[in-house]
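Note sheet for the following structure.
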RNA sequence: GUCCCCAUCGUCUAGCCUGGCCCAGGACACCGCCCUUUCAAGGCGGGAACACGGGUUCAAAUCCCGUUGGGGACGCCA
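Numbering (our numbering), first residue to last: 9 to 511.
Right, dumping it as structure tokens:
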């Protein structure tokens, strides 16, 4: 059967075809996500085709739930695919057919050595400090003997016979890379239960899917010579390989669970934006040059080049991710923030229907989100800061009280502060119109008349309004809270000051 | 241990292929200043790196060799 002369994506016969091939044995790891992302960038850059293939041949560990999380993670990141998802387990017949072809051609042979026996030999050799590779015991078996054992039902694996000499390829990231075949042991193609192994399945599928570029992690570097041998034996064109450097933890070791969050969904749940994670991951091991760091997907696609990928592993620095995230939050429309924070607010009982689109307080709500943007690094920061805007039930933060209301504070004793707040309350009650500028004018005029620093009014006012020592500009907050509620909150503070509860 | 890969500020990186423009540029983080009612944001400034040793060359971060260090792979997992 020859491939019909059709192309998907209109790129012509030589069109780029890449694939992301995760095994569904867990969540979508940020390393995997970056591999997918680079494949996607490369496919888009060359108007090629991105294939998604789920390598679910390990029936023991593969789960549907895992497949779902992976798809969900890719979708959330905006990494789309043109073909698939294909499931590798459905192609088992094709994988075996290829292995059998090798057997018939004398390029593969049955091996009856028991797994535990080989394990023992390996351990012994390694204990003696020597490298171990399969000793080809079964390659020396006479054909009659092989037939006899097969007929007797003795279990066997099918091994690919590795030849001699160097296996060299021009890696798109690393340049010329080579392994000598003498370090490779004869590759197991089919397990004793007849199921195909990774190297066989992977190559078989990549040939069938006409994959032109294999872009994957550095951890596959040592599989590459084995796979090249299989491509050659199959008489298929060897694709171009591009091995990406690994993502490392702070200790420079391969990023794993013990370093903290590693799954894409975890980052999503912690309030990172998909575009921010995407941008951050793209910059791990790749740079468009020119000092550009915050790039849109389109800009990345336009600048992407495999040759520009670094050869060195890159440490995942969450602080930088947080910074990029804050940059993206800064130019996020308030409506999107509202959409993301809505469910969180509902969970805390802070949501009301008039905050939703079309609701009476919608515009006000968006204005509050807008005011909070500049000091938010992650989405949950909004939930924290939004509370006193949405509810009158908030506590005075102890640090804020200690700093601005205590007897030792700059403002003097609580009675003096209360007196000041009383005057401020009255003045604000008369301020017309109740705008940011006018309110500021009122407060400053009052401070001047009292011969005091404006700060002595401002800090307690912020505390009265939000319970905090930190917030957006206090006059913005004042207007956002509204006169009526603001005056009530000042009264509440005065009562608190007079209650003797201040430190 | 064997094989392979890698090596520029603490971290991400530009520069390396095509040696001189680099006593090395940007970003995060850190520190300081400005702005300012606070915290941020923003602006300005600061400290901070070519792993080491040889070689080639008039000239090396850049090319070559070695050393050291780090990582990955060594499964009838993928």
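Here a beta-carbon is modelled for each residue, glycine too, at the ideal position from N, C-alpha and C. Source: prediction; values computed, not measured.
Per DSSP, residue 91 is one residue of the beta strand (DSSP E) stretching across 91-95. In the assembly as shown, residue 281 is a buried residue. Its beta-carbon has 16 or more other beta-carbons within 10 Å.
Excluding its 5 nearest sequence neighbours in each direction, residue 403 has C-beta neighbours in its own chain below 7 Å: 475, listed in chain order.
Across the set 299, 126, 158, the C-alpha of 126 shows the shortest separation from the C-alpha of residue 143. Residue 51 sits away from residue 82, with the two beta carbons spaced by 7 Å or more. According to DSSP, residue pairing for residue 187 in a beta bridge involves 175.
In this structure, residue 40 keeps its C-beta atom at 7 Å or more from the C-beta atom of residue 32. Beta-bridge analysis with DSSP links residue 225 to 252.
In the three-state scheme derived from DSSP, where H, G and I count as helix and E and B as strand, residue 267 is classed as helix.
One Cα belongs to residue 42, the other to residue 222, and the distance between them is close to 14 Å. In this structure, DSSP gives residue 180 a state outside helix and strand, which the three-state scheme calls coil. Take residue 377, set aside five residues on each side of it, and the residues of its chain with a beta-carbon closer than 8 Å to its own are 342, 345, 346, 349, 390, 394, in chain order. Residue 309 and residue 326 have their C-alpha atoms roughly 24 Å apart.
The C-beta distance from residue 209 to residue 65 rounds to 6 Å, short enough to meet the 8 Å contact threshold.
With respect to the C-alpha of residue 439, the residue from 463, 483, 461 having the closest C-alpha is 483. Each residue's CA atom was taken as its position, placing residue 420 and residue 381 some 34 Å apart.
When DSSP assignments are scanned along the stretch 256-312, no uninterrupted stretch of beta strand (DSSP E) that is 3 or more residues long falls wholly within it. As the crow flies, the alpha-carbon of residue 94 is around 18 Å from that of residue 34. Contact between the stretch 427-434 and the stretch 483-503 is present: three or more C-beta pairs spanning the two stretches fall below 8 Å.
Secondary structure at residue 323: strand, using DSSP grouped into helix, strand and coil. Taking the Cα positions, residue 492 is about 13 Å away from residue 441. Its chain contains 439, 440 as the residues whose beta carbon lies nearer than 8 Å to that of residue 446, once the 5 sequence neighbours on both sides are disregarded; these appear in chain order.
If you check the CB distance, residue 464 and residue 286 do not come in under 7 Å. Counting only residues of its own chain and dropping the five nearest sequence neighbours on each side, residue 163 has a CB closer than 6 Å to the CB of 200.
In this structure residue 234 is buried. Its beta-carbon is surrounded by 16 or more other beta-carbon atoms within 10 angstroms. Around the Cβ of residue 510, a 10 Å sphere holds 16 or more other Cβ atoms; the residue is buried.
Residue 254 and residue 321 have their C-alpha atoms spaced approximately 5 Å apart. Distance from the Cα of residue 467 is smallest, within the candidate group 459, 457, 486, for 486.
Apart from sequence neighbours up to five positions away, the residues of its chain that approach residue 307 with a beta-carbon distance below 8 Å are 296, 300, ordered along the chain. By the C-beta criterion, the stretch 325-339 is judged not to be in contact with the stretch 359-371, since fewer than 3 inter-stretch pairs fall below 8 Å.
Cβ-Cβ distances below 7 Å link residue 456 to nothing in the same chain once the five nearest sequence neighbours on each side are left out. The beta-bridge partner set that DSSP reports for residue 116 consists of 168. For residue 25, the uninterrupted beta strand (DSSP E) segment begins and ends at 25-28. Remark: C-beta atoms of residue 188 and residue 204 do not approach each other more closely than 7 Å. With respect to residue 433, residue 495 sits close: the two C-beta atoms are nearer than 7 Å.
In the displayed model, residue 151 falls within a helix according to three-state DSSP.
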